[in-house]
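Chemist: Dropping the structure in here first, questions after.
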Amino acid sequence: MITIKFFAMLKNKVGRDEAAISIPGQITLMEFKDILKKEFPCISGFIDKSVLISVNQEFAASGTIIKDGDEVALLPPFSGG
Amino acid sequence: MITIKFFAMLKNKVGRDEAAISIPGQITLMEFKDILKKEFPCISGFIDKSVLISVNQEFAASGTIIKDGDEVALLPPFSGG
Amino acid sequence: MSLVRIQKKDFSVSEEVEMVKASSMSIGGVVVFLGTARDVSKGEDIIELEFESYPEMAEKKLNDIRERAIKNFNIIEMALIHRIGKIAIGENIVLIIAAARHRNDAFMACEWAISELKRITPIWKKETTKKGDVWVEERP
Amino acid sequence: MSLVRIQKKDFSVSEEVEMVKASSMSIGGVVVFLGTARDVSKGEDIIELEFESYPEMAEKKLNDIRERAIKNFNIIEMALIHRIGKIAIGENIVLIIAAARHRNDAFMACEWAISELKRITPIWKKETTKKGDVWVEERP
Numbered sequence: 525m526i527t528i529k530f531f532a533m534l535k536n537k538v539g540r541d542e543a544a545i546s547i548p549g550q551i552t553l554m555e556f557k558d559i560l561k562k563e564f565p566c567i568s569g570f571i572d573k574s575v576l577i578s579v580n581q582e583f584a585a586s587g588t589i590i591k592d593g594d595e596v597a598l599l600p601p602f603s604g605g
Numbered sequence: 525m526i527t528i529k530f531f532a533m534l535k536n537k538v539g540r541d542e543a544a545i546s547i548p549g550q551i552t553l554m555e556f557k558d559i560l561k562k563e564f565p566c567i568s569g570f571i572d573k574s575v576l577i578s579v580n581q582e583f584a585a586s587g588t589i590i591k592d593g594d595e596v597a598l599l600p601p602f603s604g605g
Numbered sequence: 212m213s214l215v216r217i218q219k220k221d222f223s224v225s226e227e228v229e230m231v232k233a234s235s236m237s238i239g240g241v242v243v244f245l246g247t248a249r250d251v252s253k254g255e256d257i258i259e260l261e262f263e264s265y266p267e268m269a270e271k272k273l274n275d276i277r278e279r280a281i282k283n284f285n286i287i288e289m290a291l292i293h294r295i296g297k298i299a300i301g302e303n304i305v306l307i308i309a310a311a312r313h314r315n316d317a318f319m320a321c322e323w324a325i326s327e328l329k330r331i332t333p334i335w336k337k338e339t340t341k342k343g344d345v346w347v348e349e350r351p
Numbered sequence: 212m213s214l215v216r217i218q219k220k221d222f223s224v225s226e227e228v229e230m231v232k233a234s235s236m237s238i239g240g241v242v243v244f245l246g247t248a249r250d251v252s253k254g255e256d257i258i259e260l261e262f263e264s265y266p267e268m269a270e271k272k273l274n275d276i277r278e279r280a281i282k283n284f285n286i287i288e289m290a291l292i293h294r295i296g297k298i299a300i301g302e303n304i305v306l307i308i309a310a311a312r313h314r315n316d317a318f319m320a321c322e323w324a325i326s327e328l329k330r331i332t333p334i335w336k337k338e339t340t341k342k343g344d345v346w347v348e349e350r351p
């Protein structure tokens, strides 16, 4: 299982702060994004546009490998400070 | 009478923090400096070189007029902060 | 107490400065940035702010900023504290302290650290105005 | 209590910051410079410092810096406090607080103010080392 975390406006849109989905073996973040967009259509626009993604609390790129047990977080533009 | 104030190393050299001298009417700071150098020969080198002078607590230039009742201060290079 | 924290409660600027100063007798200049909640943002009256973070990752990023600041600037120590939860107008939000032998290094490190915090730390601000609540969506 | 002071006793950074913050609800960024007595100066071990001022003129100059900072930088308020008398290693010497809507203005004003203080304020530092007492004769 992959744990998915939602923050700020994404949490509001999805209606919860965490979800879990299973994936077939290891896939890239690019492939995982397509799964996310199908599972959570209400935020697919954000996933394409302004959201950064972290894997196990480190910023991830399109080629980052996602595997069972990972924690993936969808991060809207930051506004701390 | 003119009040003269000495600070920091000048106070140590002159051996006191204040003196009073009288001047003939109004003179420029340039002329007053010559009087100071005669009155306080131990600091005449400083007066020529590194000392700023204030008149009534404002920085003064060679042409500044000194008159009875003024407070003149000899200011070594600052080292606050 | 750690020099890098995400916390709900307010902090004391004096106490945090003393904690940083205690790290060395060679500190000659300390520069502090304190971010506070102001009453107007982009022309809109603000009633209240609320901050949310991705706690583990946010502390990781603040630690990372501290380590890079000490490595890349000529500073002796740095503290970074960010509050989360509801914050009223006038209250403290974020505190960064940079301590160095010489003041220029402390100014440079502190200024760099607050802009780096805004760039890489997963923290989000919700503004409550008369029109309602809005998550601020801006990348600084 | 005045925002511009020359005083013997120590100051509380928190209390001074709160006093500046109290001037406006529109403050979003506060930058503080705190100068402290360090253990080494130009390779020489320092045992103790002592500061002397020309009190009336020094306060006048600090007030002048505050007024020019508010006029020339986009800041809301500024405080400047300098201690005189004997100061032990690690103790506070000088505090400058600049409060603005936006942090860049506060950084610029604070950095300008400390260098202007060093340039125009009649305050002198005596360093006590193992070799004896020396009035520091340097124009920054």
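Residue numbers (this note's numbering), protein chains in the order written: chain A, 525 to 605; chain B, 525 to 605; chain C, 212 to 351; chain D, 212 to 351.
Note that beta-carbon positions come from the ideal geometry of N, C-alpha and C, so glycine has one too.
Since the model is a prediction, treat every value here as computed from it, not as a measurement.
Apart from the five residues on each side of it in sequence, which residues of its chain come closer than 7 Å, Cβ to Cβ, to G604 of chain A?
Modeler: As a position in the first sequence, residue 604 of chain A is number 80, starting the count at 1. Nothing meets the Cβ criterion.
Chemist: For the stretch 533 to 600 of chain B, which segments carrying the alpha helix (DSSP H) assignment without a break, of at least 4 residues, lie completely within its bounds, in sequence order?
Modeler: 553 to 563 and 568 to 572
Chemist: Can you give me the start and stop residues for the beta strand (DSSP E) that E338 of chain D sits inside?
Modeler: Looking up residue 338 of chain D in the fourth sequence gives position 127. I334 to T340 is the extent of the beta strand (DSSP E) around E338 of chain D.
Chemist: Regarding G569 of chain B and the ligand NAD, is the C-beta to nearest heavy atom distance less than 6 Å?
Modeler: You won't find the ligand NAD in this model; it holds no ligand whatsoever.
Chemist: Which chain C residues sit within Cβ distance under 7 Å of G301 of chain D?
Modeler: Along the fourth sequence, one-based indexing puts residue 301 of chain D at 90. K232 and M236, listed in chain order.
Chemist: Assess contact between the stretch 247 to 260 of chain D and the stretch 552 to 572 of chain B, defined as three or more Cβ pairs (one per stretch) separated by less than 8 Å. Is contact present?
Modeler: no
Chemist: Can you check whether the CB of E595 of chain B is closer than 7 Å to the CB of T527 of chain B?
Modeler: As a first step, residue 527 of chain B must be located in the second sequence, where it is residue number 3. As a first step, residue 595 of chain B must be located in the second sequence, where it is residue number 71. Closer than 7 Å, so yes.
Chemist: Looking at the structure shown, is V347 of chain C part of a helix, part of a strand, or coil, going by DSSP?
Modeler: Along the third sequence, one-based indexing puts residue 347 of chain C at 136. Coil.
Chemist: Assess contact between the stretch 225 to 233 of chain D and the stretch 314 to 324 of chain D, defined as three or more Cβ pairs (one per stretch) separated by less than 8 Å. Is contact present?
Modeler: Using a C-beta cut-off of 8 Å, the stretch 225 to 233 of chain D makes no contact with the stretch 314 to 324 of chain D, since fewer than three inter-stretch Cβ pairs fall below that distance.
Chemist: Comparing C-alpha positions only, which one of D:F222, D:T247, D:L214 and D:G240 sits nearest to A310 of chain C?
Modeler: For this step, residue 310 of chain C is matched to residue 99 along the third sequence. Nearest C-alpha to A310 of chain C: D:T247.
Chemist: Provide the residue(s) that pair with M289 of chain C in DSSP beta bridges, ordered along the chain.
Modeler: Taking the first residue of the third sequence as 1, we reach residue 289 of chain C at position 78. Looking at the DSSP assignment, M289 of chain C forms a beta bridge with C:A309.
Chemist: How close, in whole Å, do the beta carbons of T332 of chain D and F602 of chain B come, if the pair is a contact with beta carbons under 8 Å?
Modeler: Sequence index remark: in the fourth sequence, residue 332 of chain D carries index 121 (1-based). Sequence index remark: in the second sequence, residue 602 of chain B carries index 78 (1-based). Confirmed, Cβ separation roughly 6 Å.
Chemist: Confirm, please, whether the CB-CB distance from P600 of chain A to L553 of chain A is below 7 Å.
Modeler: Counting from one through the first sequence, the residue named residue 553 of chain A turns up at place 29. Counting from one through the first sequence, the residue named residue 600 of chain A turns up at place 76. Not a contact, by the Cβ cut-off of 7 Å.
Chemist: To the nearest angstrom, how far is it from the Cα of P266 of chain C to the Cα of I308 of chain C?
Modeler: The residue labelled residue 266 of chain C in the question sits at position 55 within the third sequence. The residue labelled residue 308 of chain C in the question sits at position 97 within the third sequence. The alpha-carbon atoms of P266 of chain C and I308 of chain C are separated by roughly 21 Å.
Chemist: Less than 8 Å between the CB atoms is what I'm expecting for F556 of chain A and A597 of chain A, so what's the real figure, rounded?
Modeler: Counted from its first residue, the first sequence places residue 556 of chain A at position 32. Counted from its first residue, the first sequence places residue 597 of chain A at position 73. With 8 Å as the limit, F556 of chain A and A597 of chain A do not qualify as a contact, their Cβ atoms being about 12 Å apart.
Chemist: Does D250 of chain D have its Cβ less than 7 Å from a Cβ in chain C?
Modeler: Locating residue 250 of chain D in the fourth sequence gives position 39, where the first residue counts as 1. It does: the Cβ of D250 of chain D has a partner Cβ on chain C nearer than 7 Å.
Chemist: Can you give me, in chain order, the residues of the stretch 540 to 571 of chain A that have a beta carbon less than 9 Å from any beta carbon in chain C?
Modeler: Answer in chain order: no residues at all.
Chemist: Pick helix, strand or coil for D250 of chain C, following the three-state DSSP scheme.
Modeler: Residue mapping note: residue 250 of chain C aligns to position 39 of the third sequence, counting from 1. Correct three-state label for D250 of chain C: coil.
Chemist: In chain D, what lies closer than 7 Å to V347 of chain C by C-beta?
Modeler: Taking the third sequence and counting its residues from 1, the one referred to as residue 347 of chain C is at position 136. Within chain D, no residue comes near V347 of chain C; the closest Cβ sits about 13 Å away, beyond 7 Å.
Chemist: So the alpha helix (DSSP H) F318 of chain C belongs to, where does it begin and stop?
Modeler: Taking the first residue of the third sequence as 1, we reach residue 318 of chain C at position 107. Here the alpha helix (DSSP H) through F318 of chain C covers R314 to I331.
Chemist: Measuring only the C-alpha atoms, how far is K216 of chain C from A584 of chain B?
Modeler: Along the third sequence, one-based indexing puts residue 216 of chain C at 5. Along the second sequence, one-based indexing puts residue 584 of chain B at 60. It should be noted that the sequence gives Arg, not Lys, for residue 216 of chain C. Near 52 Å, if we compare the C-alpha coordinates of A584 of chain B and R216 of chain C.
Chemist: Is it right to say R314 of chain C is buried, meaning 16 or more other beta carbons lie within 10 angstroms of its own, or is it exposed?
Modeler: What you label residue 314 of chain C is simply residue 103 of the third sequence in a count that begins at 1. Classification for R314 of chain C: buried.
Chemist: Counting contacts by CB-CB distance shorter than 7 Å, is E322 of chain D in contact with chain F?
Modeler: Within the model displayed, chain F is absent; protein chains A, B, C and D are what it includes.
Chemist: On the three-state DSSP scale, how would you describe I276 of chain D?
Modeler: If you number the fourth sequence from 1, residue 276 of chain D lands on position 65. DSSP places I276 of chain D in helix when its eight states are reduced to three.
Chemist: By the criterion of Cβ-Cβ separation under 9 Å, what are the contact partners of E263 of chain D in chain B?
Modeler: In the fourth sequence, residue 263 of chain D corresponds to position 52, counting from 1. Within chain B, the residues near E263 of chain D are F531, A532 and K535.
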